[in-house]
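Student: Protein chains in written order, with our numbering: chain A, 1 to 188; chain B, 1001 to 1550.
C-beta atoms are modelled at their ideal positions from N, C-alpha and C, and glycine is treated no differently.
Everything numeric in this text was worked out from a predicted model, so none of it was measured.
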């Protein structure tokens, strides 16, 4: 895997470029801040994205463990799923890696004919995007669930306040078997 | 078929990078999930606010009164003359940007118009145009020149932008901590919202609680009998958990002290457990020291959503506190765990509805401590009161009953920045819990991050906004959760207790939310209590399971 070596060597530069292109999906004033501020508590969005991309790139270079990928991708998608993005905008940053890598390895790929390896690597990026799609939906579903639950609880409370709720008592009444079939009624 | 676009045409339209435009040229895009629903006209009408009507921010037509520009302009002028602070804040900002990246809504949303400087600039641009000499002279030359000095005319788009972004500020004042000029952007939001209310543009999550509070004394519209019913339920729960029957007193004339807390504590989990905490503490003090405190079913709300509407509405809703204290003839008032309630009390109540010269300077009847800081308002915060009890060794505590919890503390914006209450809650927590961990320094105390839902933004329809605003706080909680195993986020604000559970469920699902007095009551040993096998949430206490099982 000659391409992998090439990518591993260029990791810092590639991740940085990937990060910049992901951050450039934000308005320019915001992007400046997200790139500049290094404190993870003052800039949770920028730092979460940076840390996530770095770890994801390591995964792409290795065997792609789905569980690990999910743990690195989730924090990024969780943020972008509630920001002012369409679904495609929220997940677009994954595909930006293709451009970054093509640009970074252009010369070597054509000279050393690494096209097959490049295609293989890009397939891995596609797999990443499918996981991102799942995570995005999970986050959106969670938002809908939170909305529905808050509404449900408030409505219940309103009924309760109005005295319209009669809770099931702790003690259940003793049940007596009643035989209602025809034969039984004949017996009596 | 010829009408179908070609693939390259399709691709050329996909661009995930925003167009590089200046803020004035970026039109407002009112999004679902961010904006709150408009106020119910009945609520607006009930409190006598102008222009009640059915309208929606998602419609093109907001059903504005014909002369809305005139009303806003007149209102702006009046407020510039009335509030020196607003006049100064409009003039002195040098756009240094120190506040820009300090707002939780900006940090979480990435929307530049949520930078405090830019949010204020939405109003300032109109101020420059209409109320400054430079604006008037340069503006008369042409539109391009206006832009150079950052001025613009108020039109419908600008009004909509005001509305959208003024309801994306929780008035938490974190930005003002960093402003070298001390500009309080919360006050700009407060004034902006007042102006919007002049033409009937409030949100329902503020308007209806304010109307309820005006009628019944609390935001939820709970009538006195239902208020008492709820507390009776809590008394039953407490008896089940501790074996001790507590009997709170209501509307008792001649009681020593009146207790006022947000109604959320009585009706919304997990605030209800904090409410049980107060009830147990008061019972303990009554049994041990003859403490005489009463709850009011009329002044049954500590919070004040009038504060998010107008100064006048805030004053009206706040008035019941002193009025009830006077009616009952108490000596002073004790206040529960709430956020903006304390900003109103601490910064406005005394001059707004005081002086409360019929009340005494607050003195703890148990320790004799004089609460000098509460001399003017006659109202003491319950964490100050409890911290004083602990300091004087007046409480019997079994801290091991909180051992299953690893606790961190979220400074509520209004108590931390609005009244400087930083040490007392920590002192109380550290004395009732054995495992306490602070979040990183730039996320607590004066620099605390808002829960993301303050100042009336805790509605359900704006969940995405709440998650955006809640991100910086949740991010710090996640850090202490991963580093120390923190599983409980404590706070002293009813909005926090209502808002943070959803925020935690989305960002850090392993962490739950509690009020400080729930922790106190877990540890508090009531006279004559039985063996406790559960905490106040009726969840089993590890290592203290029922003997029956053995």
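(1) Can you check which of these residues, B:1334, B:1282, B:1486, B:1339, is closest to residue 1554 (chain B) by C-alpha distance?
(2) Regarding residue 1497 (chain B) and the ligand HEM, is the C-beta to nearest heavy atom distance less than 7 angstroms?
(3) So, are the CB atoms of residue 1185 (chain B) and residue 1120 (chain B) less than 8 angstroms apart?
(4) Just the C-alpha distance for residue 35 (chain A) and residue 20 (chain A), rounded to the nearest angstrom, thanks.
(5) Do residue 1266 (chain B) and residue 1386 (chain B) have their C-beta atoms within less than 8 angstroms of each other?
(6) Curious, which full-length beta strand (DSSP E) runs of at least 3 residues does the stretch 1325 to 1359 of chain B contain?
(7) Are any of the Cβ atoms in chain A nearer than 8 angstroms to that of residue 1549 (chain B)?
(8) Which residues in chain B sit within 8 angstroms of residue 122 (chain A), going by Cβ to Cβ distance?
(9) Going by DSSP in three states, residue 1509 (chain B) sits in which element: helix, strand or coil?
(10) Tell me where the beta strand (DSSP E) around residue 1293 (chain B) begins and ends.
(11) Counting contacts by CB-CB distance shorter than 8 angstroms, is residue 97 (chain A) in contact with chain B?
(12) Which residue comes first and which comes last in the beta strand (DSSP E) that contains residue 1260 (chain B)?
(13) Give a yes or no on whether 8 angstroms exceeds the smallest Cβ distance from residue 188 (chain A) to chain B.
(14) Please report the residue range of the beta strand (DSSP E) in which residue 1231 (chain B) lies.
(15) Between which two residues does the alpha helix (DSSP H) carrying residue 100 (chain A) extend?
(16) Tell me which residue opens and which closes the alpha helix (DSSP H) that residue 1551 (chain B) is part of.
(17) Residue 106 (chain A) to residue 151 (chain A), Cα distance in whole Å?
(18) What separation, rounded to the nearest whole angstrom, lies between the Cα atoms of residue 1032 (chain B) and residue 1059 (chain B)?
(19) Please state whether the Cβ-Cβ distance between residue 1522 (chain B) and residue 1406 (chain B) is less than 8 angstroms.
(20) Under 8 angstroms, Cβ to Cβ, is there at least one residue of chain B near residue 177 (chain A)?
(21) Hey, is residue 1107 (chain B)'s beta-carbon within less than 8 angstroms of any beta-carbon in chain A?
(22) In whole angstroms, give me the CA-to-CA distance for residue 1549 (chain B) and residue 1482 (chain B).
(23) Tell me residue 1363 (chain B)'s beta-bridge partners as DSSP assigns them.
(24) Look at the Cβ atom of residue 1142 (chain B), then the Cβ atom of residue 1128 (chain B), and state whether they are nearer than 8 angstroms.
(25) Identify whether residue 188 (chain A) lies in helix, strand or coil by the three-state DSSP scheme.
(26) When the Cα atoms are used, what is the spatial distance from residue 165 (chain A) to residue 1238 (chain B)?
(27) Do we get a CB-CB distance below 8 angstroms when we pair residue 1506 (chain B) with the residues of chain A?
(28) Please compile the residues from chain B whose C-beta is within a distance smaller than 7 angstroms of the C-beta of residue 165 (chain A).
(29) Assign residue 1137 (chain B) to buried or exposed, taking buried as 16 or more other Cβ atoms, counted over all protein chains shown, within 10 Å of its Cβ.
(30) Please report how far the alpha carbon of residue 1500 (chain B) lies from the alpha carbon of residue 1542 (chain B), in whole angstroms.
(31) When we look at the beta-carbon of residue 1388 (chain B) and count the other beta-carbons within 10 Å, is it buried (16 or more) or exposed?
(32) Give me the chain A residues within the contact set of residue 1467 (chain B), using Cβ-Cβ distance strictly less than 8 angstroms, ordered along the chain.
(33) Report the partner residues of residue 1380 (chain B) according to the DSSP bridge assignment.
(34) The beta strand (DSSP E) with residue 1520 (chain B) in it runs from where to where?
(35) Do residue 1093 (chain B) and residue 1165 (chain B) come within 8 angstroms of each other at the CB atom, strictly closer than that value?
(36) Let me know if residue 97 (chain A) comes out buried or exposed under the rule of 16 or more other beta-carbons within 10 Å of its beta-carbon.
Tutor: Reading off the structure:
(1) Residue 1554 (chain B) is absent from the model: chain B starts at 1001 and stops at 1550.
(2) Judged by which ligands are present, the structure shown has none, so any question about the ligand HEM falls away.
(3) Taking 8 angstroms as the Cβ cut-off, residue 1185 (chain B) and residue 1120 (chain B) qualify as a contacting pair.
(4) The alpha-carbon atoms of residue 35 (chain A) and residue 20 (chain A) are separated by roughly 7 angstroms.
(5) It is not a contact, given that the beta carbons lie outside the stated cut-off.
(6) Counting whole runs of 3 or more residues, the stretch 1325 to 1359 of chain B contains the beta strand (DSSP E) stretches 1332 to 1335.
(7) Interpretation of residue 1549 (chain B) is limited by its pLDDT of 46, a score under 50 that renders its predicted location unreliable; the figure taken from the coordinates is listed afterwards. Chain A has no Cβ within less than 8 angstroms of the Cβ of residue 1549 (chain B).
(8) When 8 angstroms is used as the limit between beta carbons, residue 122 (chain A) is near no residue of chain B, the shortest such separation being about 17 angstroms.
(9) Coil at residue 1509 (chain B), not helix or strand.
(10) First-last of the beta strand (DSSP E) with residue 1293 (chain B): 1293 to 1295.
(11) No, residue 97 (chain A) lies away from the interface with chain B (no Cβ there is under 8 angstroms from its Cβ).
(12) Start and end: 1257 to 1260.
(13) Confidence in residue 188 (chain A) is poor, its pLDDT being 46 and thus under 50, which makes the residue's placement unreliable; the coordinate value appears in the next sentence. Proximity of residue 188 (chain A) to chain B, defined by a Cβ-Cβ separation below 8 angstroms, is not satisfied.
(14) DSSP places residue 1231 (chain B) outside any beta strand (DSSP E); the residue lies instead in the alpha helix (DSSP H), whose first and last residues are 1224 to 1242.
(15) Run containing residue 100 (chain A): 93 to 112, per the alpha helix (DSSP H) assignment.
(16) What the structure shows of chain B is the stretch from 1001 to 1550, and residue 1551 (chain B) is not part of that stretch, so it cannot be assessed.
(17) Rounded to the nearest angstrom, the two C-alpha atoms are 54 angstroms apart.
(18) Per the coordinates, the alpha-carbon of residue 1032 (chain B) lies some 12 angstroms from the alpha-carbon of residue 1059 (chain B).
(19) Going by C-beta atoms, residue 1522 (chain B) is not nearer than 8 angstroms to residue 1406 (chain B).
(20) Closer than 8 angstroms: no.
(21) With 8 angstroms as the cut-off, residue 1107 (chain B) counts as an interface residue toward chain A.
(22) Only weak support exists for where residue 1549 (chain B) lies, its pLDDT of 46 falling under 50; the value from the coordinates is given anyway. Going by the C-alpha atoms only, they are around 34 angstroms apart.
(23) Bridge partners of residue 1363 (chain B): B:1370.
(24) In terms of Cβ geometry, residue 1142 (chain B) and residue 1128 (chain B) do not form a close pair [threshold 8 angstroms].
(25) Confidence at residue 188 (chain A) is low in this model, with a pLDDT of 46, below 50, so the placement of that residue is unreliable and no value is reported for it.
(26) Our two residues, residue 165 (chain A) and residue 1238 (chain B), have alpha carbons roughly 22 angstroms apart in a direct line.
(27) Interface residue, yes.
(28) Going along chain B, no residue has its Cβ under 7 angstroms from residue 165 (chain A), so there is no contact; the nearest lies around 12 angstroms.
(29) Exposed, by the Cβ-count rule.
(30) If you draw a straight line from the Cα of residue 1500 (chain B) to the Cα of residue 1542 (chain B), it is about 25 angstroms long.
(31) Classification of residue 1388 (chain B): buried, given that the 10 Å Cβ count is 16 or more.
(32) Per Cβ cutoff of 8 angstroms: 82, 143.
(33) According to DSSP, residue 1380 (chain B) bridges with B:1334.
(34) In the DSSP assignment, residue 1520 (chain B) falls outside any beta strand (DSSP E) and within the unbroken alpha helix (DSSP H) covering 1516 to 1523.
(35) Residue 1093 (chain B) sits away from residue 1165 (chain B), with the two beta carbons spaced by 8 angstroms or more.
(36) It is buried - the Cβ of residue 97 (chain A) has at least 16 other Cβ atoms within 10 Å.
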